[in-house]
Each structure stands twice: as structure tokens, then as C-alpha cells.
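In full-length UniProt numbering, the protein residues as written are 1 to 355. Inspection log for the structure reproduced underneath, given as C-alpha cells.
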């Protein structure tokens, strides 16, 4: 499940800039509604700036076009983020000295596909101001240093200001479970212009059904899953344009392989020289005593079961157990289609390259 469905109200302080979206009947309807436009939480992914592995323009396109499951499994931090959101929001409002109101989903009047679901609205002397709530761990405290907010939060509130027309927004973050940080983020019209252009180009991909560029951070499993299962295992006959593109990617793959090998060789050369300089020590440090590099760490490896049985024939039977396994050879012979349904798929570019 994703972030919790929040029923909307008739309250809309941004009437001039945005319309209030219909209230979804339930969480499923809310998730479907989210696919009908670009929300603030999509912004960093669409701009290629998300720090979450696999959250990319292509991944977001798969979701918006209905090629991913509706919603996702909650992580522990997502669960606590939802549970703590009201507390963080209300405490931030109290410390700022403002009343806070809840509001339903919004759609920009200028760009109907551009949506915003605000965590709250602060009633300030400057008018209604969006507030975005975050729950983060102590390891990410550096993202809040020097009066800054995390990049993804900055993009979220700039997107929200594009929808609402607000002159600024607040971001409230609970860091490490015990420190509330509240930051004001001023409107940046130049950045908003860039966000609008990138999101509009992305939304055109959704409307056209044409995927955005696939990048290194995309999930191979999602790419293969979205491509679907072919009717046979034979090669796909490409038209001339696709064949030319495939050759370019094969050449890029082979060139990267050569460069990867060269980089590994340089890394090995550097390691070997460091080991020689270390004279058998695991670490090297400078005159100040600061560790410059850790060369190796001793760790236990895989248990040698065969050697154990040979060395301890009397003890070994005490630790043996019977394991039930599926006879995959028999399944493949008797029902090839059923076997193929559960057979893994890998993608491999032959060393010889394209024919």
C-alpha cells in the first residue's frame, strides 16, 4: 500500500490557480486518480533526480500507464511516516503560530495533468501556504544542514507552488525520531518553469504511450516484466530502424565492457601497490593518524560441508536433514508451458555483438 488515502473537503483556498479534484470513494479509487496526472511526489523521478533505486522516468511511466501493480508494499519508514504525519504537521504549525487546515487533491487550471496533494495548508498573514511533512532517519540529517531541505522535498514544494500559486512553502521534517526541523522554501519561478517543461514532456509520453529513455538506474526486472512474455524463445525480427538502434546499444555495451575491464585493471594495480606500501597491515594512515584506506578485512567464508563429512563421518549424520525439492526435469518434460511460466529470464548481450 502507498501513502494513506486522505478524504478531501470542499475547502479550496487556491481557487484561482487550481480546481479541487473529486473525492475518491476509497483508497483504490484514490490510487487510480493519482495515475491520471503528475503529482509532487513524481517530480524528482521525472527530472531523473530521485535517490531511490529504480525510481526513474521510465518506472514512473510504467506506473502512469497502468503497467505496474496498483500501490506498493509498505516499508517500515513509510508506515511510520504516515502514522506520524498529523503529529509532525500539527506540531510544526503550532511552533510557527499558524492554524493548519486539510485540503483535498488539486489540479492546476493551466495544466490539468499537474496535480498536488498537500499534507496541509497553513493560514498565514501571506495567505494559505502549503506545508510538506517528512519523517527521516538520523543518517540523512545532513540533508537538513545549513538551513537546507532534501532535494526531493525542494522539488515537491516547488511543484506544489506551481499548482497553487503560493509564494512560498514550509517543509517540516522529523529527523531521527526526536528533532523537528521546519524550513521555509521560497518560490523559484525559474526552477518551476523547468519543472513544468519536464513534467509536460513526460506527460506527453504517457498520452502517446511511448516510453521515456531507459537509464542505468532502471530495474531490469521491471523492464523484462513490462516487455511481456514472447510466444516463443526465438530471436525477435527487428525492422531496419530498431535493428540500427539495437546495433548502437550493442556497440555501447561492448565499449563499456572494455572500459570496465580497464578500470578494474587500474583498481587492481592501485590495490596491489597499497598492499605493498602497507607491509602486511590492514590499514594505512597519514602522520596525523587518520586512516587513508582499509586494504582488507578478515572474514569467515562458506562452510566446507564435503570436507566436514569426510573429516567427521560419525558426527556428520547428526546434522543431516532431508530436503523436499521439485523435480524440475520431470515438470519440464510433462508440462513445458507450466514450467516456462515459472522459468526465470535473463538478458545477455553476446560477446560477438550484433550480427
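Where is the CB? At the ideal position from N, CA and C, for every residue including glycine. The structure presented is a predicted model; accordingly, all values stated were derived computationally and were not measured.
Between the C-alpha atoms of residue 103 and residue 19 there is a straight-line separation of about 11 angstroms.
Boundaries of the alpha helix (DSSP H) around residue 307: 305–311. The DSSP-derived three-state label of residue 114 is strand. Here the alpha carbons of residue 33 and residue 248 stand approximately 39 angstroms from one another. With 16 or more other Cβ atoms inside 10 Å of its own Cβ, residue 154 counts as buried. Taking the Cβ atoms as the reference, residue 14 lies roughly 6 angstroms from residue 106, within the contact range of under 8 angstroms.
Per the C-alpha coordinates, the member of 312, 223, 245, 277 positioned closest to residue 61 is 223. In the displayed model, residue 134 falls within a strand according to three-state DSSP. Rounded to the nearest angstrom, the Cβ distance from residue 156 to residue 43 is 6 angstroms, consistent with a contact under 8 angstroms. A residue is called buried once 16 or more other Cβ atoms fall within 10 Å of its Cβ, and residue 58 is buried on that count.
A residue is called buried once 16 or more other Cβ atoms fall within 10 Å of its Cβ, and residue 87, having fewer, is exposed.
Distance between residue 116 and residue 39, taken at the CA atoms: about 5 angstroms. Judged by their CB atoms, residue 131 and residue 140 are not nearer to each other than the 8 angstroms cut-off. Per DSSP, residue 152 is one residue of the alpha helix (DSSP H) stretching across 151–164. Counting along the chain, the unbroken beta strand (DSSP E) around residue 169 starts and ends at 168–175. Assignment of residue 128 by DSSP, reduced to helix, strand and coil, places it in the strand class. According to the DSSP secondary-structure assignment, residue 45 is paired through a beta bridge with no residue. Here residue 284 is bridged, per DSSP, to 293. Taking the Cα of residue 67 as reference, the smallest distance to any Cα among 332, 210, 80 is reached at 210. Rounded to the nearest whole angstrom, the C-alpha separation of residue 191 and residue 158 is 8 angstroms. The continuous alpha helix (DSSP H) containing residue 220 extends over residues 220–227. Per DSSP, the continuous beta strand (DSSP E) segment holding residue 186 begins and ends at 179–186. For residue 107, there is no enclosing alpha helix (DSSP H); the enclosing beta strand (DSSP E) has its first and last residue at 106–108. Of the candidates 163, 29, 189, the residue whose Cα lies closest to the Cα of residue 114 is 163. By the beta-carbon neighbour count (other beta carbons within 10 angstroms, threshold 16), residue 276 is exposed.
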